């Protein structure tokens, strides 16, 4: 495995994130969804709940994607390969 491969992946992800390309195209920050009228405590509760729910929903997609990636590129699990 190329020792620079992880670095190349990170650089590509950061570049795509900044350019809003691919999966980052429709990026919306959770803070953008907080109601304007919410007080400090309500904002904290809102952000907590939204973050937990978002993680739960997206984690399935994340795990499925990781599974597919590692099926195709098993050497990513073991850098010594």
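In this note's numbering, the protein residues as written are 34 to 114.
Beta carbons are placed, not taken as given, at the ideal position from N, Cα and C, and that holds for glycine.
From a predicted model like this one, the values you see are computed outputs, not experimental measurements.
Item	Value
Unbroken alpha helix (DSSP H) run spanning residue 75, endpoints	73-105
Cβ pair residue 49, residue 38 closer than 7 Å	no
Other residues of its chain near residue 80: CB distance less than 8 Å, five sequence neighbours each side excluded	63, 64, 67
Start and end residues, alpha helix (DSSP H) containing residue 38	38-52
Collapsed DSSP secondary structure at residue 67 in the structure displayed	coil
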